[in-house]
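Chemist: Those protein sequence lines, which keep their order, are chains A and B.
The opening position of the first sequence corresponds to residue 43 in the working numbering, with each subsequent residue numbered one higher.
The opening position of the second sequence corresponds to residue 43 in the working numbering, with each subsequent residue numbered one higher.
Number of protein chains: 2
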Amino acid sequence: MTSVQKLPARGRLLAAAEDAFFSRGIRATPVDDVLRAADVSAATLYAHFGSKDGLVAEALRVRLAEWQAVWDQCVVRAGSDLDRLLAVFDALAAYRERQPAARWCAFLAAATELPDAGDEIAGVLAADTELLNERLRHFARPLAGDRAADLADDVVLAYNGTLAAYLRGYPASPIETGRRVAAAAAAAY
Amino acid sequence: MTSVQKLPARGRLLAAAEDAFFSRGIRATPVDDVLRAADVSAATLYAHFGSKDGLVAEALRVRLAEWQAVWDQCVVRAGSDLDRLLAVFDALAAYRERQPAARWCAFLAAATELPDAGDEIAGVLAADTELLNERLRHFARPLAGDRAADLADDVVLAYNGTLAAYLRGYPASPIETGRRVAAAAAAAY
DNA sequence: GTCTATACGCGGATAGAC
DNA sequence: GTCTATCCGCGTATAGAC
Chain A
43 MTSVQKLPAR
53 GRLLAAAEDA
63 FFSRGIRATP
73 VDDVLRAADV
83 SAATLYAHFG
93 SKDGLVAEAL
103 RVRLAEWQAV
113 WDQCVVRAGS
123 DLDRLLAVFD
133 ALAAYRERQP
143 AARWCAFLAA
153 ATELPDAGDE
163 IAGVLAADTE
173 LLNERLRHFA
183 RPLAGDRAAD
193 LADDVVLAYN
203 GTLAAYLRGY
213 PASPIETGRR
223 VAAAAAAAY
Chain B
43 MTSVQKLPAR
53 GRLLAAAEDA
63 FFSRGIRATP
73 VDDVLRAADV
83 SAATLYAHFG
93 SKDGLVAEAL
103 RVRLAEWQAV
113 WDQCVVRAGS
123 DLDRLLAVFD
133 ALAAYRERQP
143 AARWCAFLAA
153 ATELPDAGDE
163 IAGVLAADTE
173 LLNERLRHFA
183 RPLAGDRAAD
193 LADDVVLAYN
203 GTLAAYLRGY
213 PASPIETGRR
223 VAAAAAAAY
């Protein structure tokens, strides 16, 4: 059996990065803050990730994988076509419980804060959008047939609106409102 | 009659600030860039606005006033209760034509980029949210009666989702999708 | 792989003259 | 009110040792 080990520096950096970047803000968080939180030296960070952007990109990759897993579970638990389409809101509720300090979506935040993001970061953002788009189109098909793409657009928009609501502090119950709006959109098909 | 005059430094600064901050990003834009675009010295900027944040706050105030005026006009042109509620999407279309380079909503961008914004900036952001909330609740009343607050929440969410769509580059026709979603929400009351 | 120490550029802000 | 010139701190990144 293995003994209890200190999490390696790389993992500590990623954990600290996720915590700081996606709650206090990416640009608002100096590298030094992450280093102190992770109890790691600057040289180690640059040895592993090459740059602050590299660390951001890797933190986003981790987040995308985790988000996808949570969403998967919520889809499995859904009992109808409509519930499967709306499961993305259940996933959002579940995912947010993990990091209540997060102000809103890490991917949209990155897109806003880093308008000139390099290929690495831009790639992860594109992958997130693609995942959202592709899956929702799939779940929309049994409900909207050949208009599935439109319904998927509607749900993506409601989803983004839910995320932005956290940012604005209004509406007060973003997920509840978002789910209601998405359901109303689906009812129109 | 007055002769043609060069726009004073203060006005040039605001114009340059709006252009740069809300298309390239606030944090991504150094003060020097604004100064060069406005052809004004640093000392003048600080004499007028005190700080970069002060300039941002004033640029946001200008923007809020302009946005409000555009929205007003679209409401006047609307021919039904539903059209008045959805006029916010027409206003968005009209407003965006003024500055196509803008990546998304200046207020949501400021909230994201400046999580520790001072009272001045925070106040303008709150005023924007309040305007949105108060007006939409008013327009929702004839359609939803005592559930007007819920319908207003729905429309705000669709509106924010529309703005976020520009950021994500998806859905492809944000305003069209947003209006459709908001209309579906209204139909449920 | 990780550390200590340091270099270096950039960005916000100010002093003082006109 | 506006300019020229300059200061200063902060944040990213690197050099070199262990």
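Positions of the beta carbon are idealized from the N, C-alpha and C atoms, including for glycine.
Buried or exposed, going by whether 16 or more other CB atoms sit within 10 Å of the CB of B/R177?
Modeler: By 1-based counting over the second sequence, the position of residue 177 of chain B is 135. By the 10 Å Cβ count, B/R177 comes out buried.
Chemist: Okay, do the stretch 63-72 of chain A and the stretch 136-149 of chain A touch, 3+ Cβ pairs below 8 Å being the bar?
Modeler: Short answer: they touch.
Chemist: When the Cα atoms are used, what is the spatial distance from A/E100 to A/E162?
Modeler: As a first step, residue 100 of chain A is located in the first sequence; it is residue number 58 there, counting from the start. As a first step, residue 162 of chain A is located in the first sequence; it is residue number 120 there, counting from the start. If I take the Cα positions, the gap works out to 9 Å.
Chemist: Using a Cβ-Cβ cutoff of less than 8 Å, which residues in the same chain neighbour A/V104 once the five nearest sequence positions on both sides are dropped?
Modeler: As a working mapping, residue 104 of chain A is identified with position 62 in the first sequence. Excluding residues within five positions, the ones whose Cβ falls inside 8 Å are L56 and E60.
Chemist: Given a threshold of 16 other Cβ atoms within 10 Å of its Cβ, counted over all protein chains shown, does B/R119 qualify as buried or as exposed?
Modeler: Taking the first residue of the second sequence as 1, we reach residue 119 of chain B at position 77. Classification of B/R119: exposed, given that the 10 Å Cβ count is below 16.
Chemist: In terms of residues, what are the limits of the alpha helix (DSSP H) holding B/C116?
Modeler: The count along the second sequence starts at 1 and reaches residue 116 of chain B at position 74. Counting along the chain, the alpha helix (DSSP H) containing B/C116 begins and ends at K94 to R119.
Chemist: Would A/A151 be called buried (16 or more neighbouring beta carbons within 10 Å of its own) or exposed?
Modeler: Here the question's residue 151 of chain A lines up with position 109 in the first sequence. Under this definition A/A151 is a buried residue.
Chemist: Can you name, in chain order, every residue of its own chain whose Cβ lies under 6 Å from the Cβ of B/A4, other than the five neighbours on each side?
Modeler: Here chain B has residues from 43 to 231 only, and residue 4 of chain B is not among them.
Chemist: Measuring alpha carbon to alpha carbon, tell me which of A/A80, A/L102 and A/V98 ends up nearest A/A169.
Modeler: Counted from its first residue, the first sequence places residue 169 of chain A at position 127. The residue with the shortest Cα to Cα distance from A/A169 is A/L102.
Chemist: Need the endpoints of the alpha helix (DSSP H) that A/P157 sits in, please.
Modeler: On the first sequence, position 115 is the one that residue 157 of chain A refers to. It is not in any alpha helix (DSSP H) - A/P157 carries neither H nor E in the DSSP assignment.
Chemist: Measure the CB-CB distance between A/A107 and A/W146 and report whether it falls below 8 Å.
Modeler: Counted from its first residue, the first sequence places residue 107 of chain A at position 65. Counted from its first residue, the first sequence places residue 146 of chain A at position 104. Taking 8 Å as the Cβ cut-off, A/A107 and A/W146 do not qualify as a contacting pair.
Chemist: Answer yes or no: does any C-beta atom of chain B fall closer than 8 Å to that of A/T171?
Modeler: By 1-based counting over the first sequence, the position of residue 171 of chain A is 129. Answer yes: the Cβ-Cβ gap between A/T171 and chain B drops below 8 Å somewhere.
Chemist: Roughly how many angstroms separate the alpha carbons of B/W109 and A/A70, rounded to a whole number?
Modeler: Counted from its first residue, the second sequence places residue 109 of chain B at position 67. Counted from its first residue, the first sequence places residue 70 of chain A at position 28. So the two alpha carbons sit approximately 28 Å from each other.
Chemist: Under 8 Å, with one C-beta from each stretch per pair, do the stretch 171-186 of chain A and the stretch 120-132 of chain A reach the 3-pair mark?
Modeler: Yes, they touch.
Chemist: Are the CB atoms of A/D196 and A/A227 within a distance shorter than 8 Å?
Modeler: Taking the first sequence and counting its residues from 1, one reaches residue 227 of chain A at position 185. Taking the first sequence and counting its residues from 1, one reaches residue 196 of chain A at position 154. Yes, they are a contact pair.
Chemist: At 7 Å on the CB atoms, spell out the chain A contacts of B/T219, in chain order.
Modeler: For the purposes of this step, residue 219 of chain B is taken as the residue at position 177 of the second sequence. D195, D196 and L199, listed in chain order.
Chemist: Find the residues of chain A that neighbour B/L205, judging by a C-beta separation of less than 9 Å, and give them in chain order.
Modeler: The residue labelled residue 205 of chain B in the question sits at position 163 within the second sequence. In chain order: N202, G203 and A206.
Chemist: If you reduce the DSSP assignment to three classes, tell me which class A/R138 lands in.
Modeler: The count along the first sequence starts at 1 and reaches residue 138 of chain A at position 96. Residue state, collapsed to three classes: helix.
Chemist: What do you get for A/P216, buried or exposed, if any count of 16 or more other CB atoms within 10 angstroms of its CB means buried?
Modeler: Counting from 1 along the first sequence, the entry for residue 216 of chain A is found at position 174. Under this definition A/P216 is a buried residue.
Chemist: Please list, in chain order, the chain B residues whose beta carbon lies closer than 9 Å to that of A/T154.
Modeler: By 1-based counting over the first sequence, the position of residue 154 of chain A is 112. Correct list: G67, R145, W146, L150, A151, T154, E155 and L209.
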